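Per the numbering used here: the sequence shown = residues 1 to 571.
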Amino acid sequence: MSDEQGLQARAARGWRLWLVFFLLCLIATAVAGKMLSLNVHEQAFLKRQGDARVLRTAVIPAHRGMISDRNGLPLSVSAPVSTVWMNPKEFDLQNGSLNKLASLIDSDKTALLKRVSRFRDKQFIYLKRQMTPAQAEQVEDLHIPGVYVDREYKRFYPAAEVATHLVGFTGLDGAGQEGIELAFEDWLQGVPGKKLVMRDLLGRTVKHIRELEPMVQGKDLQLSIDLRLQYLAYRELKAAVQAHKADSAAMVVLDVHTGEVLAMVNQPSYNPNDRSNLGKGMESLRNRAVTDTFEPGSTMKPLTIAAALMSGKYSLDSVIDTSPGYLRVKGKTIRDHRNYGKLSMGRIITKSSNVGATKLALSLHGDAVRNVFHNVGLGQVPGTGFPGEQSGVLPYLSEKRLVERATMSYGYGLSVTPLQLAQAYLPFATGGLMRPASLLKLDRPESSTRVMPESVATAILKMMETVTQTGGTGRRAAIAGYRVAGKTGTVHKVGSNGYADDQYMSIFAGVAPVDNPEIVAVVMVDNPKGQEYYGGEVAAPLFSRVVGGALRMLNVAPDNWQPADSRMVMQ
């Protein structure tokens with residue numbers, strides 16, 4: 001090779017090196033330019049795209065407030081559970097863990113695939129709600145794309161059927177559906193929060209970024225009931241319904257000093273922790289103590305006597321002649337069980353004389369009896385805030401409607417709830433003061449209203465004590481060691497053709513102990529079908545067992561050490 005050729009070869013190699021160097025510089029410049037563009041001009045766009053693929057907004061479930069009894073025992077609590085859901089668009093129909101997934105959600109592979117196919121265009125479907133955390137963890141361990149697990153809370157009711165009519169229950173979404181859970185929804189419910197999290201391709205949370213909105217816990221609620229008394233009342237009420245083959249029953253126990261409801265029970269009942277059988281009988285859902293009305297019958301006679309004493313026309317020494325045991329009022333015959341002859345005011349209550357009550361009512365101003373009934377809360381909503389509580393019926397009657405005025409005096413032609421009746425008896429135990437009933441525990445008693453003179457209330461209370469003594473209609477309501485005052489009621493039920501001859505409501509309303517009243521209680525048994533159906537036979541013994549047990553539980557000192565059968569009867 002000549003020198004000239006060598007120079008040409010070296011020149012060619014130099015040119016190629018410069019070309020390569022130039023190309024490298026060009027590439028480096030392009031890369032630097034692209035990096036600059038990505039980091040400056042397109043940074044916001046790329047960040048949004050990246051965040052959209054890995055960042056998610058997750059809900060922070062709020063803990064619902066606890067419901068407890070007056071002593072702090074839980075009646076409704078929230079337990080952590082898990083919900084499994086799916087994004088059908090991300091789900092792999094050929095995943096090898098489908099059989100296991102179907103088994104964990106109580107389904108089968110065919111049904112699962114069919115469901116996914118039906119909602120393939122959706123991005124969210126529930127697979128199973130309120131699973132135990134252990135079951136949900138097994139689902140997570142399958143690592144199936146498109147299947148996710150969220151945390152939430154499920155309501156649990158430790159007292160189950162014993163307090164369910166009062167407490168109520170929540171739905172799957174945690175919102176109150178019945179009872180106190182519904183009435184105080186705004187108080188009990190929490191406000192869910194939100195947080196930003198980073199998730200991987202399988203939907204697993206790998207990092208918590210920050211809290212977006214704080215979660216607010218629900219507030220606790222303390223009811224007035226004493227769970228010990230609630231259990232006692234429920235057990236005895238259920239046994240009585242079964243023994244007498246009754247359709248239903250209800251009982252209310254009030255604290256005399258505050259008006260607080262210490263127990264409120266109903267039959268039939270249901271278990272709020274297992275609602276699989278609710279659809280078979282919605283009748284069991286009702287809190288009959290505040291929603292069911294009935295004619296109170298002879299339990300109104302003490303209030304009629306009170307109206308007579310307050311009118312000034314009668315005194316404790318007044319005597320009413322009930323002979324010959326019946327009375328004709330505008331073509332209607334009002335009867336007693338037999339001819340009681342001349343009765344004192346107290347004996348009208350003791351013997352439960354319809355004729356005596358009628359003569360008193362018709363001798364008074366047309367509104368006299370009704371006004372007393374109204375003043376003790378009849379015909380008005382009690383105001384406890386319980387959903388569906390009824391006001392009952394207390395009609396206005398003109399002077400000319402003598403039959404209606406007569407029947408109202410002994411408890412027909414009006415309607416009350418068990419809670420209203422218990423509230424109406426409070427003045428007899430408080431010396432004439434009316435207090436509103438409360439389902440919540442009170443720090444201090446609410447203000448009271450005087451509805452009758454103390455002397456009248458005290459006198460009526462002593463008259464009602466004779467009902468539970470020898471010769472009275474409620475002897476089986478007596479409690480060993482305690483003086484008991486009360487009134488029985490046996491009311492014919494209304495059927496399709498008027499009052500039914502063979503269907504009754506058995507009622508007892510009472511106060512104990514008489515010396516220093518602590519408890520007012522009302523028992524209502526609907527349509528007992530056994531041989532016994534009178535209020536003194538069905539409701540009075542139930543009152544005795546429950547109130548007797550309650551007085552002992554509350555450590556109330558006995559006020560009568562004499563055997564019940566040896567007590568003197570007020571004439």
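Even glycine gets a Cβ: it sits at the ideal position worked out from N, Cα and C. Every value quoted in this text rests on a predicted model; they were computed, and no experiment measured them.
Nearest to residue i (by Cα), restricted to the options the options
i: F124; options: V147, D106, P133, R450; result: V147
i: G474; options: A457, E446, G481, F508; result: F508
i: G366; options: V149, K400, D501, D502; result: K400
i: D502; options: V191, Y340, V484, Y533; result: Y533
i: E537; options: F294, G548, T488, L414; result: T488
i: Y153; options: L142, K34, T132, T29; result: T132
i: E140; options: K114, I180, L98, V116; result: L98
i: Y412; options: V369, L419, P445; result: V369
i: M251; options: Y504, Q222, E404, T291; result: T291
i: V84; options: Q135, Q94, P61; result: Q135
i: N271; options: R155, L378, E404, S455; result: R155
i: Y231; options: V319, R450, V162; result: V162
i: R235; options: R545, L554, V556; result: R545
i: Y340; options: R151, G471, V31; result: G471
i: S315; options: Q267, A459, S269, R444; result: A459
Residue i - containing beta strand (DSSP E), residue span
i: T333; result: 332 to 335
i: Y425; result: That residue, Y425, is in no beta strand (DSSP E); its alpha helix (DSSP H) goes 418 to 430.
i: I125; result: 125 to 131
i: R151; result: 147 to 156
i: R328; result: 326 to 329
i: M452; result: Neither: M452 is in no beta strand (DSSP E) and is coded neither H nor E.
i: T83; result: 74 to 86
i: S344; result: 342 to 344
i: S248; result: 248 to 255
Close Cβ partners of residue i (< 6 angstroms) along its chain, the five nearest in sequence each way excluded
i: E90; result: P145, G146
i: E178; result: G168, F169
i: P158; result: P74
i: D321; result: K342
i: S352; result: S298, T473
i: R70; result: S224, D226, K441
i: M568; result: Confidence is the limiting factor: at M568 the pLDDT is only 38, short of 50, which leaves the residue's position unreliable, though a coordinate-based value still follows. Once the five neighbours on either side are set aside, M568 has no close Cβ partner at all.
i: A79; result: K154, F156
i: G259; result: R435, P436, A437, S438
i: M463; result: G346, I349
i: N87; result: Q123, G146
i: L364; result: S311
Supposed close pair residue i, residue j - CB separation, criterion 8 angstroms
i: L73; j: L227; result: 5 angstroms
i: A306; j: M452; result: 6 angstroms
i: Q130; j: V81; result: 4 angstroms
i: A540; j: T417; result: Rounded, the Cβ-Cβ distance is 20 angstroms, inconsistent with contact.
i: V467; j: I349; result: 6 angstroms
i: W187; j: K238; result: So it is not a contact: roughly 31 angstroms between Cβ atoms.
i: I479; j: V525; result: Rounded, the Cβ-Cβ distance is 19 angstroms, inconsistent with contact.
i: S409; j: L378; result: With 8 angstroms as the limit, S409 and L378 do not qualify as a contact, their Cβ atoms being about 13 angstroms apart.
i: L397; j: E404; result: 5 angstroms
Endpoints, the alpha helix (DSSP H) within which residue i is located
i: P302; result: 301 to 311
i: D186; result: 185 to 188
i: L232; result: 227 to 244
i: V319; result: That residue, V319, is in no alpha helix (DSSP H); its beta strand (DSSP E) goes 319 to 321.
i: S103; result: 98 to 104
i: H608; result: Given that the chain is displayed from residue 1 to residue 571, the structure contains no residue 608 and the question cannot be resolved.
i: A111; result: 109 to 118
Cβ-based neighbour list, residue i, same chain, cut-off 8 angstroms, excluding 5 preceding and 5 following
i: V256; result: L426, A429, T430, V511, P517, E518, I519, V520
i: Q217; result: A62, H63, G65, G190
i: Q571; result: Because the pLDDT at Q571 is just 29, under 50, the model does not fix this residue reliably, and the point stays unresolved.
i: R552; result: none
i: G495; result: Q503
i: L113; result: L93, L98
i: K245; result: P528, K529, G530
Any non-hydrogen atom of the ligand MN within 7 angstroms of residue i CB
i: P192; result: Ligands displayed in this structure: none; no statement on the ligand MN is therefore possible.
Residues near residue i in its chain [Cβ-Cβ closer than 7 angstroms; skip 5 each side]
i: L36; result: none
i: N95; result: I144
i: S415; result: T293, F294, E295, G392, V393
i: S566; result: For S566, the pLDDT reaches just 44, beneath the cut-off of 50, and the residue's location in the model is therefore unreliable, although a value from the coordinates is still provided. Result list for S566: empty, nothing under 7 angstroms.
i: L419; result: V252, A289, V290, P382, A437
i: G643; result: An answer regarding residue 643 cannot be provided, because it is not within the stretch 1 to 571 covered by the chain.
i: V556; result: P513, E518
* **Secondary structure, alpha helix (DSSP H): runs of 4+ residues fully inside the segment 454 to 492** => 454 to 465
Tell me the start and end of each unbroken alpha helix (DSSP H) in the segment 497 to 560 that is at least 4 residues and wholly inside, in chain order.
-> Unbroken alpha helix (DSSP H) runs of no fewer than 4 residues, entirely contained in the segment 497 to 560, are found at 535 to 553, following chain order.
Margin query: Going residue by residue through the segment 260 to 294, where are the continuous alpha helix (DSSP H) segments of at least 4 residues, counting only ones entirely within it?
Written below: 288 to 291
Practice item. Only counting runs of 4 or more residues, tell me where the alpha helix (DSSP H) segments fall wholly within the segment 347 to 409, in order along the chain. Key: 354 to 363, 368 to 375, 402 to 409
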